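>
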Amino acid sequence: MRLPCVYPAAVLPDPQTVPSATTVKVCLDHLRFFHHFLAEAYPPHPYGASAVWQDVAALSHKYEFLASSILALAAQHLTVSNKADYSVQALNLRISAIRGLNDALSQPCHTAADSDARYAAIIGLTFQSTYMPDGLMEFIAMMRGWMLISTTLVTDHRTSMFRQFTRESWVGSMEKYMEEQHGVTDDIVIEDFLASLRILQPLLRGHAELQYLSRLERLALLSKTSPRDALLEMVFCYALTNKMTDEDYASFTDPSNYGAQILLAHFLVLNHMLEECFLGTRSRRFSFFKNITQSWILNIGRRLPDGLQRYMMWPLGQARDLAV
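UniProt numbering applies: residue 1 is where the sequence shown begins, and numbers increase by one.
(1) How many Å lie between Gln-54 and Ile-122 at the Cα?
(2) Thinking C-alpha only, which one of Leu-105, Ile-70, Gly-100 and Asn-102 is nearest Gln-89?
(3) Can you tell me where the alpha helix (DSSP H) with Arg-198 in it begins and where it stops?
(4) Mapping DSSP to helix, strand and coil, what is His-45?
(5) Is residue 354 helix, strand or coil when you go by DSSP?
(6) Rounded to whole angstroms, what is the Cα-Cα separation between Leu-316 and His-61?
(7) Decide if the stretch 32 to 48 is in contact with the stretch 64 to 80; the criterion is three or more beta carbon pairs, one per stretch, under 8 Å apart.
(8) Any idea if Pro-305 is buried or exposed, counting beta-carbon neighbours within 10 angstroms, 16 or more meaning buried?
(9) Specify the secondary structure class of Gln-294 as computed by DSSP and reduced to three states.
(10) What residue range is occupied by the uninterrupted alpha helix (DSSP H) comprising Gly-124?
(11) With distances taken from CA atoms, which of Pro-133, Leu-231 and Arg-198 is nearest Ser-173?
(12) Can the beta-carbon of His-296 be found less than 7 Å from the beta-carbon of Ser-196?
(13) Taking a contact to mean a Cβ-Cβ separation below 7 Å, would you say Ser-68 touches Leu-93 in this structure?
(14) For Phe-288, which three-state DSSP category applies?
(15) Is it the case that the Cβ atoms of Ala-117 and Leu-66 are separated by a distance below 7 Å?
(16) Please confirm if the stretch 204 to 213 is in contact with the stretch 251 to 261, defined as three or more CB-CB distances below 8 Å between the two stretches.
(17) May I ask you to verify whether the stretch 212 to 219 touches the stretch 236 to 250, counting CB pairs closer than 8 Å and requiring at least 3?
(18) Rounded to whole angstroms, what's the CA-CA distance from Ala-84 to Leu-78? Just pull it up for me.
(19) Skipping 5 residues on each side, what residues in its chain have a beta carbon closer than 7 Å to that of Met-132?
(20) Between Tyr-63, His-110, Ser-81 and Val-80, which has its C-alpha nearest Arg-99's C-alpha?
(21) How many Å lie between Ala-97 and Ile-149 at the Cα?
(22) If contacts are defined as beta-carbon pairs under 8 Å, then Trp-146 and Thr-130 qualify, I think. What distance do you get, rounded to the angstrom?
(23) Work out the CA separation of Phe-33 and Ala-10 for me, nearest whole Å.
(24) Excluding the five sequence neighbours on either side, which residues of its own chain have a C-beta within less than 6 Å of the C-beta of Leu-136, listed in chain order?
(25) Along the alpha helix (DSSP H) that carries His-30, what are the first and last residues, could you check?
(26) Provide the residue span of the alpha helix (DSSP H) that contains His-157, from first to last.
(27) Between Ala-141, Ser-115, Gln-164 and Gly-124, which has its C-alpha nearest Thr-152's C-alpha?
(28) Report buried or exposed for Thr-185, applying the criterion of at least 16 other Cβ atoms within 10 angstroms of its Cβ.
(29) Would you call the CB atoms of Phe-193 and Ala-220 closer than 7 Å?
(30) Using three-state DSSP, classify Pro-227 as helix, strand or coil.
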């Protein structure tokens, strides 16, 4: 229609009149951690729970301690997967998450989301510890904290986003990790394992240690007839320390209780042997990466006084043979 088009001058503020603002610096590493959590680093067990962790990620913007927990987990996972070294960031985020979670635990939960956030955070911290080369005792402590939060804060599991996280679901998750063929243990190695436990027994000083020893012996004997059943039973062995009294737990985890630490080294070796029956040469295991298992056992050996080194000879020999 050949009508002239007249556009008003763009209304832009005078740069001199724009108030100065603090520069916001985006932490790109945190974005990478968050993406890695969603794509790969969320807790893999129980099997089929990825949708739950998507919901947890959506919930994290309301709870800083939860956000720190999932970022710490992802940073540590990237590190142990040899994709990059984010160990410093992972540790700083872990400290922030633990402090924030402790503060949150001192306050009552008003909603189901409040309890779920605390529950998700402790799960994230627990799984992060399984990726830490020096995280064995952290793992044990976090497992106990997980149990405490699960039984005291999540009062109505029917309304929790974690309602499917049952004992049966963990066993089912283990079954998903097993290959179709039946694994076979080396009877000679199992006999060596039992012989090493017999050498260790006189060093054990408490009821909790002797119970732990008895469970390991039973699992080793079961593995000779049914490695599959032994591996499924191992699921419950992870949390044996949760059932200890406060006094027994304090004694078992005392840094000077070398007998308990050597027991844990034997547990790690047996766990690895059973998983090896079904998971072949995969570097990833149901519970721990091979290099983490090796690191935890070697660390126990380094901390022992010279007079106790003979009790660790067999576990150390097994750890040094691990293919990383």
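Beta carbons: idealized from backbone N, C-alpha and C, even for Gly. None of these values were measured; they are calculated from a predicted model.
Straight from the coordinates:
(1) 16 Å
(2) Ile-70
(3) 187 to 200
(4) coil
(5) Nothing in the structure corresponds to residue 354, since the chain is present only between 1 and 324.
(6) 44 Å
(7) yes
(8) Of the other Cβ atoms in all chains shown, fewer than 16 fall within 10 Å of the Cβ of Pro-305; this residue is therefore exposed.
(9) helix
(10) 112 to 129
(11) Leu-231
(12) Reading off the sequence shown, one finds Trp at residue 296, where the question assumed His. In this structure, Ser-196 does not lie closer than 7 Å to Trp-296 by Cβ.
(13) yes
(14) coil
(15) yes
(16) yes
(17) yes
(18) 6 Å
(19) Gln-76 and Glu-138
(20) Tyr-63
(21) 15 Å
(22) Actually they are not in contact, since the Cβ atoms of Trp-146 and Thr-130 sit about 12 Å apart, beyond 8 Å.
(23) Because Ala-10 sits at a pLDDT of 47, beneath the cut-off of 50, its placement in the model cannot be relied upon, and the following sentence gives the value as read from the coordinates. Cα-Cα distance, rounded: 41 Å.
(24) Trp-296
(25) His-30 -> alpha helix (DSSP H) spans 28 to 36.
(26) For His-157, no alpha helix (DSSP H) segment is defined, and its DSSP state is neither H nor E.
(27) Ser-115
(28) buried
(29) Taking 7 Å as the Cβ cut-off, Phe-193 and Ala-220 qualify as a contacting pair.
(30) helix
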